[in-house]
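In terms of the working numbering, the sequence shown opens at residue 73 and continues consecutively. Here the structure comes first, spelled out in structure tokens, and everything after it is commentary.
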Amino acid sequence: MSVLRAAKIETADCLLSMCNEDTLNLMVTQVAKYIFGVPKVIARVYEPSYESMFRKFGIESISPIQLALEAFLDALGLDRKPGNEEVFRKFGVPLIFSSTRIVTSLLEE
73 MSVLRAAKIE
83 TADCLLSMCN
93 EDTLNLMVTQ
103 VAKYIFGVPK
113 VIARVYEPSY
123 ESMFRKFGIE
133 SISPIQLALE
143 AFLDALGLDR
153 KPGNEEVFRK
163 FGVPLIFSST
173 RIVTSLLEE
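As structure tokens, then:
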């Protein structure tokens, strides 16, 4: 908390927590939001399955893995519609935007 106080967190409009540990990002954003009253807090989340935990605590999160997956799907020209969740669960990504047949064949190659 001393680091947050030194940064004058009580006057901040926004806090971005981008530490290398998801649990630390959760703690920092919770302290900023619920103790210091920062109106907008966002945490980087490495483990996509943790995003739901952040949501439960009212913390907005961004997952670089999820963003990278979406960029790859865009680059492959795959449609953004629900597809085969099993394929993406192998990668720890809960959200699917692609066609089962296309993605499955890409993974088998």
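By construction, the Cβ of each residue, glycine as well, lies at the ideal position given by its N, Cα and C atoms. Small disclaimer: the values here were computed from a predicted structure and weren't measured.
Any idea if E123 is buried or exposed, counting beta-carbon neighbours within 10 angstroms, 16 or more meaning buried? Working through the sequence shown from its first residue, we reach residue 123 at position 51. The residue in question, E123, is buried, as its Cβ has 16 or more Cβ neighbours within 10 Å.
Is there contact here, the region 77 to 89 with the region 102 to 118, by at least three beta-carbon pairs under 8 Å? Yes: the two stretches touch, three or more of their Cβ pairs being nearer than 8 Å.
Contact defined as beta carbons within less than 8 Å: I believe L98 pairs with I131. What is the distance between those atoms, to the nearest angstrom? For the purposes of this step, residue 98 is identified with residue 26 of the sequence shown, where counting begins at 1. For the purposes of this step, residue 131 is identified with residue 59 of the sequence shown, where counting begins at 1. Right, their Cβ atoms sit about 7 Å apart.
Check for me: the beta strand (DSSP E) holding S89 runs from which residue to which? In the sequence shown, residue 89 corresponds to position 17, counting from 1. Where S89 is concerned, the enclosing beta strand (DSSP E) starts and stops at C86 to S89.
Does the separation of the CB atoms of A115 and S135 fall below 7 Å? On the sequence shown, position 43 is the one that residue 115 refers to. On the sequence shown, position 63 is the one that residue 135 refers to. Pairing A115 with S135 gives a Cβ-Cβ distance that is not under 7 Å.
By Cβ distance below 8 Å, which residues in the same chain neighbour D85 in space, the five residues on each side in sequence not counted? To locate residue 85, count along the sequence shown from 1; it is residue 13. Excluding positions up to five away in sequence, the list reads V110, P111 and K112.
What does DSSP give as the partner residue(s) for V113 in the beta ladder? Taking the sequence shown and counting its residues from 1, the one referred to as residue 113 is at position 41. The secondary-structure analysis by DSSP pairs V113 across a beta bridge with L87.
Roughly how many angstroms lie between the CA atoms of L133 and S74, to the nearest whole one? Start at 1 with the first residue of the sequence shown, and residue 133 comes out as number 61. Start at 1 with the first residue of the sequence shown, and residue 74 comes out as number 2. Correcting the residue type first, residue 133 is Ser in the shown sequence and not Leu. Approximately 24 Å between the Cα atoms of the pair.
Leaving aside the five residues before and after T101 along the sequence, list all residues of the same chain whose C-beta is less than 6 Å from its C-beta, in chain order. Looking up residue 101 in the sequence shown gives position 29. Contacts found: S89, V113, A115 and I131.
For F144, count neighbouring Cβ atoms within 10 angstroms of its own Cβ and tell me buried if that reaches 16, exposed if not. Counted from its first residue, the sequence shown places residue 144 at position 72. With fewer than 16 other Cβ atoms within 10 Å, it is exposed.
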